[in-house]
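Colleague: In our numbering, the protein residues as written are -15 to 402. Structure provided below as structure tokens; questions to follow.
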Ligand code: PLP
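Here it is in structure tokens:
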């Protein structure tokens, strides 16, 4: 479900005609729907209401402050992976006891800042990290909550770049090593080893990998209980897939129905870390056709957004629907939709059937709410796009368009070159 629909041949976001936004604010332009973000968050909350989990939205999916604030106001916590994301969490007044911190490579400074902030817990990914958190906690004379991220060795059947729960990935600790650590937990005097964490990958559209990972962790918890190792939290990560094209992912309700019986057995407080599920289909990227170019082999639609704005097609070969902002009756043609950047990977669609387009037409690249703006860059010295949030018939700028000065603001020419 999302709030981008055609009415009388024009694409709307909630109650606003997107073409009016494109004309007023220019392109490339990100447009997010408030109602869609909220709806997806509430769908998860309702589906899991029986166990009242803490839903920590995964900041990396889309880290705009307005989006974080919207979710925090609704009661969400935040899943962070860096000092920068902690800074954002603080800026939106996320209560510390609703922040969890993952990442295989936390620096001492990042760890110290998060301990000082008294976050709910760290998701620790290696023995050496555990030692660091213990050492820094000792220095600060604090007992720090820690969950061990388990690598459950399951294949989530998603793109290999977004698989994280198999042993050939850098993430987490295997069951055997985690068992040893937990048995020896008293060694870590400044840690409260109070939870377990799994996150097996992203854009997972089948329930089976989740079931097998959760079943494994539930067994592990049972084994730990027998050894008198008791825990408080189980964090089952994120990864719920969404519809980009023809996928048929589980709904929040279906997901909850399948995993709740397993989760209830643990009697632990459950944490979820969804990112894409909440924002993926709540955003679109608007772009304008610059040129139409034909070669003997192809027809290219060259648009004013590039891989610097949305890298998913270049990075993962990801599919995004591309729709005109205004439908007119025309013939269909096969085209490549490409950006202006000097890389052959700078494309949004290949051999795609599209209505016949002309210069200056506007297009919406759909499902661009997650891992889109947050992965954007200034490559080719291109200022980052403007971001808008639409709520009903109101529109809010939630990030100004960057300008050329922003591009060079921190660069310095040394005196000897002047
Ligand atoms: N939790 C962790 C530890 C992650 O690494 C990620 C993303 O990779 C997420 C949660 C969010 O994943 P998704 O956006 O697929 O829900």
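Note that CB positions come from ideal geometry on N, CA and C, so glycine has one too. Computed from a prediction, not measured in an experiment: that's the story for all the values here.
If you follow the alpha helix (DSSP H) that residue 261 is in, where does it begin and where does it stop?
Modeller: Counting along the chain, the alpha helix (DSSP H) containing residue 261 begins and ends at 260 to 263.
Colleague: Measure the CB-CB distance between residue 260 and residue 195 and report whether it falls below 8 angstroms.
Modeller: Not a contact, by the Cβ cut-off of 8 angstroms.
Colleague: Should residue 186 be listed as close to the ligand PLP, given that the test is whether its C-beta is under 7 angstroms from any heavy atom?
Modeller: Yes, the beta carbon of residue 186 sits closer than 7 angstroms to at least one heavy atom of the ligand PLP.
Colleague: For residue 397, is the classification buried or exposed, using 16 other Cβ atoms within 10 angstroms of its Cβ as the cut-off for buried?
Modeller: It counts as exposed.
Colleague: Go ahead and pull the three-state DSSP assignment for residue 254.
Modeller: Residue 254: strand per DSSP, three-state reduction.
Colleague: Quick one: measure Cβ to Cβ for residue -1 and residue 377, integer angstroms, because I've assumed they're closer than 8 angstroms.
Modeller: Residue -1 to residue 377, Cβ: 4 angstroms. Contact.
Colleague: Compute the Euclidean distance between the alpha carbons of residue 85 and residue 330, then round it to the nearest angstrom.
Modeller: Cα to Cα, residue 85 sits roughly 33 angstroms from residue 330.
Colleague: Quick one: is the Cβ of residue 224 within less than 7 angstroms of any heavy atom of the ligand PLP?
Modeller: Checking the Cβ of residue 224 against the ligand PLP gives yes.
Colleague: Touch check for the stretch 230 to 250 and the stretch 20 to 31: three-plus C-beta pairs under 8 angstroms?
Modeller: Segments in contact, yes.
Colleague: Excluding the 5 residues flanking residue 178 on each side, which residues of the same chain have their C-beta closer than 8 angstroms to its C-beta?
Modeller: For residue 178, where only same-chain residues beyond five positions count, the Cβ hits under 8 angstroms are 105, 129, 130, 131, 215, 216 and 217.
Colleague: Would you mind giving the Cβ-Cβ distance between residue 323 and residue 265, rounded to the nearest angstrom? I have them listed as a contact below 8 angstroms.
Modeller: Contact doesn't hold; Cβ gap of about 22 angstroms is too wide.
Colleague: Assess, as a yes-or-no matter, whether the stretch 64 to 75 is touched by the stretch 88 to 95 under the definition of 3 or more beta carbon pairs within less than 8 angstroms.
Modeller: Judged by Cβ distances under 8 angstroms, the stretch 88 to 95 makes contact with the stretch 64 to 75, as three or more pairs qualify.
Colleague: Under the criterion of a Cβ to heavy atom distance below 7 angstroms, does residue 354 qualify as lining the ligand PLP?
Modeller: Because some heavy atom of the ligand PLP lies under 7 angstroms away, the Cβ of residue 354 counts as near it: yes.
Colleague: I'd like the span of the alpha helix (DSSP H) that includes residue 128, first residue to last.
Modeller: It is not in any alpha helix (DSSP H) - residue 128 instead sits in the beta strand (DSSP E) that spans 128 to 133.
Colleague: Pull up the CB-CB distance for residue 351 and residue 318, whole angstroms please, since I reckon it's below 8 angstroms.
Modeller: Not quite, the Cβ-Cβ distance comes to about 21 angstroms (not below 8 angstroms), so this is no contact.
Colleague: Which runs of the alpha helix (DSSP H) spanning at least 4 residues fall entirely within the stretch 190 to 256, listed in chain order?
Modeller: Runs found: 192 to 210 and 236 to 250.
Colleague: Excluding sequence positions up to five away, which residues of its chain have a Cβ less than 8 angstroms from the Cβ of residue 6?
Modeller: Cβ neighbours of residue 6 beyond the five flanking positions: 13, 270, 272, 309 and 346.
Colleague: Check residue 316 in the structure and name its three-state DSSP category.
Modeller: The answer is strand: DSSP assigns residue 316 an E or B state.
Colleague: Check whether the stretch 275 to 288 and the stretch 196 to 209 are in contact - that is, three or more C-beta pairs closer than 8 angstroms.
Modeller: At 8 angstroms Cβ cutoff, the stretches do not touch.
Colleague: Applying the criterion that 16 or more other CB atoms from any shown protein chain within 10 Å of the CB defines a buried residue, is residue 343 buried or exposed?
Modeller: Exposed, since its Cβ has fewer than 16 Cβ neighbours within 10 Å.
Colleague: Applying the criterion that 16 or more other CB atoms from any shown protein chain within 10 Å of the CB defines a buried residue, is residue 72 buried or exposed?
Modeller: Buried.
Colleague: Within the continuous beta strand (DSSP E) that includes residue 333, where are the two ends?
Modeller: From DSSP, the beta strand (DSSP E) with residue 333 extends over 331 to 339.
Colleague: To the nearest angstrom, how far is the alpha carbon of residue 137 from that of residue 25?
Modeller: Cα to Cα, residue 137 sits roughly 28 angstroms from residue 25.
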